[in-house]
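Novice: Position 318 (the sequence shown) corresponds to 318 in our numbering; numbering is contiguous.
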Amino acid sequence: MIDLRSDTVTRPSPPMREAMARAEVGDDVFGEDPTVNQLQQKAAKLFGREAALFIPSGVMGNQIAIKIHTQPGDEVILEEDSHILNFEMGMMATFSGVIARSISTGRNFMTVDDVKRSIRPKLYYLSKTGLITLENTHNMKGGRVFPLAQAREVLEFAHSDKIPVHLDGARICNASLATGKSVAELTQGFDSVMFCLSKGLGAPIGSMLVGNSQFIEQARRLRKTLGGGMRQVGILAAAGVYALDHNLEKLKEDHEKARLLARELKKIPDVTIEPVETNILIFEIKSMLAADLASKLKERGVLCLPTGPHRIRLVTHLDVSHQETLEAAGHIREILTTQS
Numbered sequence: 001m002i003d004l005r006s007d008t009v010t011r012p013s014p015p016m017r018e019a020m021a022r023a024e025v026g027d028d029v030f031g032e033d034p035t036v037n038q039l040q041q042k043a044a045k046l047f048g049r050e051a052a053l054f055i056p057s058g059v060m061g062n063q064i065a066i067k068i069h070t071q072p073g074d075e076v077i078l079e080e081d082s083h084i085l086n087f088e089m090g091m092m093a094t095f096s097g098v099i100a101r102s103i104s105t106g107r108n109f110m111t112v113d114d115v116k117r118s119i120r121p122k123l124y125y126l127s128k129t130g131l132i133t134l135e136n137t138h139n140m141k142g143g144r145v146f147p148l149a150q151a152r153e154v155l156e157f158a159h160s161d162k163i164p165v166h167l168d169g170a171r172i173c174n175a176s177l178a179t180g181k182s183v184a185e186l187t188q189g190f191d192s193v194m195f196c197l198s199k200g201l202g203a204p205i206g207s208m209l210v211g212n213s214q215f216i217e218q219a220r221r222l223r224k225t226l227g228g229g230m231r232q233v234g235i236l237a238a239a240g241v242y243a244l245d246h247n248l249e250k251l252k253e254d255h256e257k258a259r260l261l262a263r264e265l266k267k268i269p270d271v272t273i274e275p276v277e278t279n280i281l282i283f284e285i286k287s288m289l290a291a292d293l294a295s296k297l298k299e300r301g302v303l304c305l306p307t308g309p310h311r312i313r314l315v316t317h318l319d320v321s322h323q324e325t326l327e328a329a330g331h332i333r334e335i336l337t338t339q340s
């Protein structure tokens with residue numbers, strides 16, 4: 001199968017598996033797993049932060065951050081098509097007792113003016129704005145990079161009003177490679193950042209939270225609350241260490257493959273492609289339903305992800321070669337050409 005549904009489908013490479021097998025371990029609940037500690041120190045240094053925490057999933061990381069930054073009854077400002085709002089099971093309400101004040105931005109990104117319009121007046125009988133969250137890269141905007149200047153305007157205003165800002169940076173490393181800016185520069189000023197090891201970086205599991213020491217200490221307690229206290233987890237952390245040491249630069253190849261897909265799909269009259277900046281490509285078709293195209297592609301050994309009635313997402317990653325990318329585009333072209 002040529003699996004383009006997500007960059008989460010990657011399998012650990014033989015060298016990564018070897019690193020996992022050799023990992024030195026201890027009890028991480030006691031803070032005694034040396035490989036976990038190594039990964040956390042490496043992530044903190046990469047992002048220019050005081051501390052970091054290894055967590056089982058990106059969703060857990062986002063939800064821990066929301067819990068730390070807010071009080072029950074607060075509002076969280078975020079984009080209408082954000083991952084936190086759409087794909088995290090309403091956990092911000094369940095776990096933190098907060099509600100979303102979502103902003104519809106279409107194909108654009110949240111601006112400081114959007115935020116200003118959404119801030120609740122400071123009246124005792126109204127819920128207060130407790131947190132703002134941004135997403136970079138943005139999944140449902142086709143992996144596009146949140147403009148840095150725009151993010152800094154939001155940060156400056158939010159902090160002037162004493163409102164924290166969390167970054168869902170699941171694919172922030174893709175943003176770094178696409179812009180040529182370090183992750184430390186792209187995330188400077190955010191009160192907390194989550195990023196994933198298990199997407200384009202190729203680890204089998206895990207994400208990281210980074211922030212100051214006080215935030216990470218609180219996060220450690222909440223990770224335990226959510227059942228995330230792990231014991232000899234250095235076996236998994238070793239995959240994260242390997243990913244940061246060996247797979248960061250390989251994200252460039254994923255971006256190349258996405259641009260290759262875009263180039264080929266643009267040749268099909270029935271296809272409308274959204275701008276491609278990193279490793280995600282979203283396109284729309286008119287002549288058939290996305291689910292029908294996905295079904296026909298599966299018969300040919302290609303997996304994709306419908307995200308709307310006529311909308312499909314393709315994600316390039318370590319386990320799909322340039323040649324397989326071309327083959328997938330060829331199958332799409334053949335199906336749609338026959339259909340029309």
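Ideal Cβ placement from N, Cα and C applies to all residues, glycine included.
All figures in this text were calculated on a predicted structure; none of them were measured in a lab.
Closest to Q339 by C-alpha separation, out of G308, V271, E324, would be which residue?
Specialist: Of the candidates G308, V271, E324, the one whose C-alpha sits nearest the C-alpha of Q339 is V271.
Novice: Strictly under 8 Å for the Cβ-Cβ distance: is R300 near chain B by that measure?
Specialist: In the structure shown, chain B cannot be found, because there is only a single protein chain.
Novice: Pairs of beta-carbons, one from the stretch 62 to 80 and one from the stretch 230 to 240, closer than 8 Å: are there three or more?
Specialist: Segments in contact, no.
Novice: Hey, could you find the ends of the alpha helix (DSSP H) H255 is sitting in?
Specialist: Taken as a continuous stretch (DSSP letters only), the alpha helix (DSSP H) holding H255 covers 251 to 265.
Novice: When burial is assigned at 16 or more other CB atoms within 10 Å of the CB, is F87 buried or exposed?
Specialist: It counts as exposed.
Novice: Would you call the CB atoms of N136 and A93 closer than 8 Å?
Specialist: Their beta carbons are not under 8 Å apart, which means N136 does not touch A93 by this criterion.
Novice: Could you give the distance in angstroms between the alpha-carbon of A51 and the alpha-carbon of H331?
Specialist: Near 46 Å, if we compare the C-alpha coordinates of H331 and A51.
Novice: Got a sec, what are the start and stop residues for the beta strand (DSSP E) S192 sits in?
Specialist: Its beta strand (DSSP E) spans residues 192 to 196.
Novice: May I ask you to list the residues that DSSP assigns as paired with H138?
Specialist: DSSP lists R144 as partners of H138.
Novice: Within the same chain, show all residues whose beta-carbon is closer than 7 Å to that of L289, passing over the 5 residues directly before and after it, in chain order.
Specialist: Once the five neighbours on either side are set aside, the close Cβ partners of L289 are P309, H310.
Novice: Taking only the alpha-carbon atoms, compute the straight-line gap between V210 and L197 and give it to the nearest angstrom.
Specialist: So the alpha carbons of these two residues sit roughly 13 Å apart.
Novice: According to the Cβ coordinates, are F146 and L155 closer than 8 Å?
Specialist: Not a contact, by the Cβ cut-off of 8 Å.
Novice: So what's S82 in DSSP terms, helix, strand or just coil?
Specialist: DSSP places S82 in coil when its eight states are reduced to three.
Novice: Would you kindly work out how many angstroms separate the C-alpha atoms of H161 and L131, rounded to a whole number?
Specialist: In the sequence on display, residue 161 carries Asp and not His. So the alpha carbons of these two residues sit roughly 11 Å apart.
Novice: Measure how close the beta-carbons of M60 and G228 come, nearest whole angstrom, since I'm counting them as under 8 Å.
Specialist: Confirmed, about 6 Å.
Novice: Might you give, ordered along the chain, the residues of its own chain that have their beta carbon closer than 8 Å to the beta carbon of T179, omitting 5 neighbours on each side?
Specialist: Cβ neighbours of T179 beyond the five flanking positions: V145, L148, L186.
Novice: Sort out for me which residues DSSP pairs T272 with in a bridge.
Specialist: Paired residues: E284.
Novice: So which of V183, E284, G169 has the shortest CA-CA distance to E249?
Specialist: That would be V183, whose Cα lies nearest to the Cα of E249.
Novice: For the alpha helix (DSSP H) holding A43, just list the boundary residues, first then last.
Specialist: Residues 34 to 47.
Novice: When you compare only the Cα positions, how much space is there between R223 and L326?
Specialist: Roughly 42 Å separates the two Cα atoms.
Novice: Note down the Cα distance separating E299 from D3, rounded to an integer number of angstroms.
Specialist: E299 and D3: Cα-Cα distance of roughly 12 Å.
Novice: Compute the distance between the beta-carbons of I68 and A219, then report whether it is under 8 Å.
Specialist: Against a cut-off of 8 Å, the Cβ pair of A219 and I68 comes out as a contact.
Novice: So D7 packs on G200, CB below 8 Å; how close in whole Å?
Specialist: Right, their Cβ atoms sit about 5 Å apart.
Novice: Please report how far the alpha carbon of Y125 lies from the alpha carbon of S118, in whole angstroms.
Specialist: Straight-line Cα distance between these residues: approximately 16 Å.
Novice: Measuring CA to CA, which of T129, F47, L123, N108 is closest to M140?
Specialist: The option with the nearest alpha carbon to M140 is N108.
Novice: Secondary structure at G189, three-state DSSP: helix, strand or coil?
Specialist: Three-state result, G189: coil.
Novice: Give me the DSSP bridge partner(s) of M208.
Specialist: Note: M208 sits in a beta bridge opposite F54, F195.
Novice: Is DSSP giving V233 helix, strand or coil here?
Specialist: Coil, per DSSP.
Novice: Between the Cα of D113 and the Cα atoms of H83, F157, F54, which residue gives the shortest distance?
Specialist: Considering only alpha carbons, the answer is F157.
Novice: Helix or strand or just coil, what does DSSP make of V165?
Specialist: In the structure shown, V165 sits in a strand (DSSP, three-state: E or B).
Novice: Within 8 Å, do at least three Cβ pairs link the stretch 293 to 307 to the stretch 254 to 274?
Specialist: Result no; under three Cβ-Cβ pairs closer than 8 Å.
Novice: Please go through the same chain and pick out, in chain order, the residues whose beta-carbon is closer than 6 Å to the beta-carbon of P164, but skip the five residues on each side of it.
Specialist: Within the same chain, P164 has close Cβ partners H69, L131, D191.
Novice: Helix, strand or coil for P306? Go by DSSP, reduced to three states.
Specialist: P306 falls in the strand class under three-state DSSP.
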